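**Student:** Just dropping this structure here.
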Amino acid sequence: MPVQTTLHYVFDPLCGWCYGAEPLINAASGLMPVVLHGGGMMAGANRQKVSAQLRAFVMPHDRRIAEYTGQPFGRDYFEGLLRDNDAVFDSQPPIAAILAAEQLAGRGLELLARLQRAHYIEGRRIADDAVLKAIAAEMGLPAHAFASALLEVDSESHMGTSRAFMASVGGQGFPTLVLEREGRLQVIDIGPFLGKPDAFVQWLDREFYLSADANASNPAFCAPNGCDL
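Residue numbering for the sequence shown follows my numbering, beginning at 270 and increasing consecutively.
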């Protein structure tokens, strides 16, 4: 590539549309560096215990995401995690784990994808410290070093900075993807490419030289404080 291009990815590990976009992010990472910005959609006052109300709210969204993107949702998620009233949906612990994996081994994006599968397919509690450490160990990250990095990261500050960045580029919610080229930022609309990672890569490879106007009109996203249709 003649021009250094970076993809900024504003995400949340509990955002269904971010899970739907995972194949696109993975494909893009083969072309350019991906910088992660975890937004904390369900952190702090927005964290929620699993309940019948939460299940009734998220299931129609998840079914539409599956239909629209082709991403699988497991029975252990629908009939396990979403019926586990002791589970808590909290974005901050998995974001902290992703930051720790990135700091430790440059594997934050890999851990994000693994946590999405753990949540949406395996029905695991990715807000639980023990689950995060177990998944990191499954990936081969050294246990002691990962635990230390997990204590050191400032996930709260990171989430605030990520939300400020999203607002500064006019992002509407999660996922927001921004191409950076020679200091210029361009929000890109991934809606037409969901479920089509090859087409997305071809488009990036062809179009990243251009300076088209930013387009933040993607209808398939999670709002800053929750997923929407």
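Note that CB positions come from ideal geometry on N, CA and C, so glycine has one too.
It should be emphasised that the depicted structure is a prediction, and the values quoted were computed from it without experimental measurement.
Taking the continuous alpha helix (DSSP H) assigned at GLN361, which residues delimit it?
**Tutor:** Here residue 361 refers to the residue found at position 92 when the sequence shown is read from its first residue. Counting along the chain, the alpha helix (DSSP H) containing GLN361 begins and ends at 361 to 374.
**Student:** Looking only at DSSP bridge pairs, what is PHE443 linked to?
**Tutor:** For the purposes of this step, residue 443 is taken as the residue at position 174 of the sequence shown. PHE443 pairs with CYS491.
**Student:** Counting along the chain, where does the beta strand (DSSP E) carrying VAL327 start and finish?
**Tutor:** Taking the sequence shown and counting its residues from 1, the one referred to as residue 327 is at position 58. Taken as a continuous stretch (DSSP letters only), VAL327 belongs to no beta strand (DSSP E), being part of the alpha helix (DSSP H) at 321 to 338.
**Student:** Taking the straight line between their C-alpha atoms, what separation do you get for PRO329 and TYR389?
**Tutor:** Here residue 329 refers to the residue found at position 60 of the sequence shown. Here residue 389 refers to the residue found at position 120 of the sequence shown. Cα to Cα, PRO329 sits roughly 14 Å from TYR389.
**Student:** Using the Cα positions of PHE477 and LEU300, report the straight-line distance between them to the nearest angstrom.
**Tutor:** Position 208 of the sequence shown, counted from the first residue, corresponds to residue 477. Position 31 of the sequence shown, counted from the first residue, corresponds to residue 300. Cα to Cα, PHE477 sits roughly 11 Å from LEU300.
**Student:** In this structure, does DSSP put PHE415 in helix, strand or coil?
**Tutor:** Reading the sequence shown from its first residue, position 146 is the one you call residue 415. The answer is helix: DSSP assigns PHE415 an H, G or I state.
**Student:** Three Cβ pairs or more, each shorter than 8 Å: is that satisfied between the stretch 396 to 404 and the stretch 363 to 381?
**Tutor:** Judged by Cβ distances under 8 Å, the stretch 396 to 404 makes contact with the stretch 363 to 381, as three or more pairs qualify.
**Student:** When you compare the CB positions of VAL422 and GLN372, do they come within less than 8 Å of one another, or not?
**Tutor:** Residue mapping note: residue 422 aligns to position 153 of the sequence shown, counting from 1. Residue mapping note: residue 372 aligns to position 103 of the sequence shown, counting from 1. Against a cut-off of 8 Å, the Cβ pair of GLN372 and VAL422 comes out as a contact.
**Student:** Classify ARG393: buried if its beta carbon has 16 or more other beta carbons within 10 angstroms, exposed otherwise.
**Tutor:** Locating residue 393 in the sequence shown gives position 124, where the first residue counts as 1. Looking at its Cβ environment, which holds 16 or more other Cβ atoms inside 10 Å, ARG393 is buried.
**Student:** Count the other C-beta atoms from every protein chain shown that fall within 10 angstroms of the C-beta of VAL272, then say buried if there are 16 or more, exposed otherwise.
**Tutor:** By one-based count along the sequence shown, residue 272 stands at place 3. Under this definition VAL272 is an exposed residue.
**Student:** Report yes or no: do the stretch 305 to 313 and the stretch 330 to 348 share at least 3 C-beta pairs separated by less than 8 Å?
**Tutor:** At 8 Å Cβ cutoff, the stretches do not touch.
**Student:** Within its chain, find whatever has a CB closer than 7 Å to the CB of PHE443; leave out the 5 residues flanking it on each side and keep chain order.
**Tutor:** As a first step, residue 443 must be located in the sequence shown, where it is residue number 174. If we look at PHE443 and ignore the five residues flanking it on each side, its Cβ neighbours are VAL279, PHE280, ASP281, CYS284, TRP286, CYS287, GLY308, MET310, PHE490 and CYS491.
**Student:** Using a threshold of 8 Å, state whether the C-beta atoms of ALA297 and PHE469 are closer than that.
**Tutor:** Locating residue 297 in the sequence shown gives position 28, where the first residue counts as 1. Locating residue 469 in the sequence shown gives position 200, where the first residue counts as 1. Going by C-beta atoms, ALA297 is nearer than 8 Å to PHE469.
**Student:** Rounded to whole angstroms, what is the Cα-Cα separation between ASN487 and GLY460?
**Tutor:** In the sequence shown, the residue the question calls residue 487 occupies position 218. In the sequence shown, the residue the question calls residue 460 occupies position 191. Below a pLDDT of 50, predicted positions are generally treated as unreliable, and ASN487, at 46, falls in that range; the measurement from the model is reported next regardless. Their Cα atoms are separated by approximately 6 Å.
**Student:** Find the nearest neighbour of ALA418 within the set ALA374, THR430 and LEU454, judged by alpha-carbon distance.
**Tutor:** In the sequence shown, counting from the first residue as 1, residue 418 sits at position 149. The option with the nearest alpha carbon to ALA418 is ALA374.
**Student:** Quick one: using the 10 Å Cβ neighbour count with 16 as the cut-off for buried, is ARG383 buried or exposed?
**Tutor:** Reading the sequence shown from its first residue, position 114 is the one you call residue 383. Buried.
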